[in-house]
Structure formats: C-alpha cells, structure tokens
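See below for the structure under consideration.
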Amino acid sequence: MEAAAAADVLPSGSSQELHVLAVDDSYVDRKVIEKLLKISSCKVTAVESGARALQFLGLDGEKGSLGFDGLKVNLIMTDYSMPGMTGYELLKKIKRSSAFREIPVVIMSSENILTRIDSCLEEGAEEFLVKPVKLSDVRRLMKDCVMRGETEGNNAGRRVDKRKFEDDNHTSSLSSSSSLTPSPPSTTAPFGGDVATSELVSSSPPHSSKRAKLHDGD
Amino acid sequence: MDLVQLQRQLVEYRTSLYHEGFLDEQYTQLQELQDENNPDFVVEVVSLFFEDSERLLNELTKALEQQSIDFKRVDAHVHQLKGSSSSIGAQRVQKVCIAFRNYCEEQNVEGCLKCLQQVRHEYSLVKTKLESMFQLEQQILSAGGSIPM
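Protein chains in written order, with the UniProt record's numbering: chain A, 1 to 218; chain W, 1 to 149.
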C-alpha cells in the first residue's frame, strides 16, 4: 500500500508538512486518526477536547495560531459529539475568530444526520466525514487542503476547485442573523445575496450527500 | 506446527472472523496502516479498545442498576462504545449498540438490560477471538515468518 503523502502533491522544492490538529474524546479514534495523518506525512497534534484545542491554538487568550512548539496549524479535524464543547461549538469559535477563521475545519461524526451536516457546512466546515474515517478520506483532504493553500496567495483566500458547492460565498456573506438558514443548494449559484429561506429549509440539499463522505466505496 | 501451517491457520481463522461478522473492513483498514515504523499498531489500538470497552461496560452496569435510570447517561456510554467498536471493525458489538441506543431512546429498561447482556457477550467473544488471532500472529513472527495479509 502506498501512502499518499502530502509531500507528493506539494510543488517540488517545498518541504513543508501539513500540521493537523485532531480533536476527539475517544482514545481509540485519536490513535487511529493520528496514524492516518502520520502515514499521510502530516505532523499531528491530537487533543481530547475542544477546550484543549482552543488552548493549543491560543484562542483562550494568548498569541496567534502558533501552537506550543511554534507550528502553524494548517487543518483542524474534530469529532462532532464530545462532552463539554461539541465539535460544532468548536467550529463556530474558530470561524468567528479573526486569527483562525481561515484554517479549514473538518467535522467527523459517526452519525449521518442531514441537519447536522448542514449546520456544520453552514458554519464554514470544509467537509463532514462520516466515521470511521478511512485513509482515502484523509488522502482526499490532503489534496484539497494543499490545493487551497496553493491558490490562497493569488486568490485572496477564496476557495477554488474541488468545492462541491458552486456558491462558495456562504462564509463571508452569511450574516449572524441568517446563521440558522441553510445555504442555498448548489443549483442556485451565483449567490445573489437574498437568502430565500423558508422553501429551502425543508428540502434535502443534494450537496450534503457529496460533502458527507458516506461509505459508498471509493 | 510448521510455519506454513501456522500461516494458513491464521488466514483461515481471520477469514472466518470476517464471515461470521466479528470483524468488518475497518479492521482491514487498521492492518493496512501498520508498517515497520509501528509494527504493533493494530495490537495497540485493539488494546485501547479493550480498556475503553471494559470501562464503559462497568459504567453501563452501574447506570442501569440505579433506582432511577438516567437514560441520557446510558445512551452516552453506548454511543462511545458504538464509536470505538466501529473504529476497530468490531461489527457485532457495534450492531448491538445500535439496538441498545434505540432502547435508551424509548427508555425501555428491559430492552436496555437485555442489550447490556448481549453487548457483554459479543464483546467477550470478539476479545477472545482477537487475542487468539494475535497469539497466532506472534507464533508466526517468533518462527521467523511474516504475517500474511
């Protein structure tokens, strides 16, 4: 089995490893995700709670996105159901912080609940992975993150590409008052700024089945 | 028993565990993550699962012995057990957890107690089988052989 290393997709000359912060209250899952990431040539910091994650990031008062050892965090992967602070709450805190909102956050959950997926994506989660997380999921994430990093300089942080939404303005144009409304389904791009919500709320947005990586075998 | 026989026995045993639903493809995933840098990865993860499960089973027993059962708490423990069993591919344990959670939702004491018994049983079965399999693997390694995939 060849490990798809993050290094493989980086341009030659770049020796940077992605640093991933993994958050999960389960020992077993922390160990597995750590291995999945290490095998994909990432540096990993695994913590057991949202509070610890915020501490690590320095969001509990301290500096920037430099962790204890001065490594910038390139990706956060968090479990959804955790005691204390849920992954969703952690996501919100991160996306509402000016220092860290650009860090992609991936939610992992054993429960494939549409409303849950929608709320996470709405709050700016990059992806919603259904557990158990597989190596193919991590490989795909590596590619997405790196591509994103590559275009960041040219593109003022706008995400290119591999996005499943056609409309990717949802993070910037969602005001706090509309945070309860789902993003319009991908068919209604470009985002005209008017969120006609009531008729959208009950529909099952087709995008979520693509964003939530179900075990349809890959 | 010679090396080749041991290896064959291992493959047969492992295959039967999949056929009987004790293990699913998540276990295979874990095996694929093991390499020379971390040759005990699977054993380590599975050991964590054993520790975790035993703790959770004790918590569940206590919670279900209460006069007034806190079903949310019971459900939280079952959810954790479901998660970790799923992460290592212990499929039969995971399946009982799903039924168990439904009984929690219904606040059905009988159902919960029945599931607790079942999940203990399934856990003890998979533990025994995994330990046997690890022993076989160890024998092969000690005989200088490699573990067939």
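Glycine included, every Cβ here is placed at the ideal spot set by N, Cα and C.
CA-to-CA distance, W/C112 to W/L6, given in whole angstroms: What you label residue 6 of chain W is simply residue 6 of the second sequence in a count that begins at 1. What you label residue 112 of chain W is simply residue 112 of the second sequence in a count that begins at 1. Each residue's Cα considered, the two are about 41 Å apart.
Verify whether the separation of the beta carbon atoms of W/G89 and W/L30 is less than 8 Å. On the second sequence, residue 89 of chain W is found 89 positions in, with the first residue counted as 1. On the second sequence, residue 30 of chain W is found 30 positions in, with the first residue counted as 1. Yes, these two residues count as a Cβ contact at 8 Å.
I want to know whether the segment 33-44 of chain A touches the segment 29-49 of chain W - three or more CB-CB distances under 8 Å. Because the criterion of three Cβ pairs below 8 Å is met, the segment 33-44 of chain A and the segment 29-49 of chain W touch.
In angstroms with no decimal places, state the Cα-to-Cα distance between A/S175 and A/A22. Taking the first residue of the first sequence as 1, we reach residue 175 of chain A at position 175. Taking the first residue of the first sequence as 1, we reach residue 22 of chain A at position 22. Per-residue confidence for A/S175 stands at a pLDDT of 40, beneath the threshold of 50, marking its modelled position as unreliable; no derived number is given.
Would a check of beta-carbon distances place W/H79 closer than 8 Å to chain A? Looking up residue 79 of chain W in the second sequence gives position 79. For W/H79, the answer is yes, since a Cβ of chain A falls inside 8 Å of its Cβ.
Counting only runs of 4+ residues fully inside the segment 12-55 of chain W, write out the alpha helix (DSSP H) ranges in chain order. Residue ranges of uninterrupted alpha helix (DSSP H) with 4 or more members, entirely inside the segment 12-55 of chain W and ordered along the chain, are 25-33.
Expected contact under 8 Å - CB spacing of A/K31 and W/L81 to nearest Å: Indexing the first sequence from 1 puts residue 31 of chain A at position 31. Indexing the second sequence from 1 puts residue 81 of chain W at position 81. Actually they do not touch by this definition, with Cβ atoms about 16 Å apart.
For A/A22, write down the residues that DSSP places opposite it in a beta bridge. As a working mapping, residue 22 of chain A is identified with position 22 in the first sequence. According to DSSP, A/A22 bridges with A/A46 and A/M77.
From W/Q9 to W/T15, what does the alpha carbon distance come to, in whole angstroms? The residue labelled residue 9 of chain W in the question sits at position 9 within the second sequence. The residue labelled residue 15 of chain W in the question sits at position 15 within the second sequence. Rounded to the nearest angstrom, the two C-alpha atoms are 10 Å apart.
Can you pull the chain A residues whose beta carbon is under 8 Å from the beta carbon of W/E44, in chain order? Translated into the one-based positions of the second sequence, residue 44 of chain W becomes position 44. Within chain A, the residues near W/E44 are K31.
Interface residues of chain W facing A/Y27 [CB-CB closer than 7 Å]: Start at 1 with the first residue of the first sequence, and residue 27 of chain A comes out as number 27. Think of a sphere of 7 Å around the beta carbon of A/Y27: the chain W residues whose beta carbon falls inside it are L48 and D52, in chain order.
Give me the Cα-Cα distance between W/E59 and W/C104, rounded to the nearest whole angstrom. Position 59 of the second sequence holds residue 59 of chain W. Position 104 of the second sequence holds residue 104 of chain W. Taking the Cα positions, W/E59 is about 15 Å away from W/C104.
For a contact meaning CB atoms closer than 8 Å, what does A/I39 contact in chain W? Here residue 39 of chain A is taken as the residue at index 39 of the first sequence, counted from 1. The answer, in chain order, is L33 and D35.
Short CB-CB distance (under 8 Å) between W/G111 and chain A: As a position in the second sequence, residue 111 of chain W is number 111, starting the count at 1. W/G111 does not count as touching chain A.
Run through chain W and tell me which residues come within less than 8 Å of A/L135, C-beta to C-beta. Position 135 of the first sequence, counted from the start, is the residue given in the question as residue 135 of chain A. In chain order: Q29, E32 and L33.
Indicate the three-state DSSP secondary structure (helix, strand or coil) for A/S97 in the structure shown. In the first sequence, residue 97 of chain A corresponds to position 97, counting from 1. In the structure shown, A/S97 sits in coil (DSSP, three-state: anything other than H, G, I, E or B).
Find out if the Cβ-Cβ distance for the pair W/Q118, W/F71 is shorter than 8 Å. Counting from 1 along the second sequence, the entry for residue 118 of chain W is found at position 118. Counting from 1 along the second sequence, the entry for residue 71 of chain W is found at position 71. Cβ distance not < 8 Å, so W/Q118 and W/F71 don't count as in contact.
For W/N37, collect the residues of the same chain with a Cβ closer than 7 Å to its Cβ; drop the 5 residues on either side in sequence, then sort them by chain order. Counted from its first residue, the second sequence places residue 37 of chain W at position 37. For W/N37, where only same-chain residues beyond five positions count, there are no Cβ hits under 7 Å.
Between the segment 88-100 of chain A and the segment 118-134 of chain A, are three or more C-beta pairs nearer than 8 Å? Because the criterion of three Cβ pairs below 8 Å is met, the segment 88-100 of chain A and the segment 118-134 of chain A touch.
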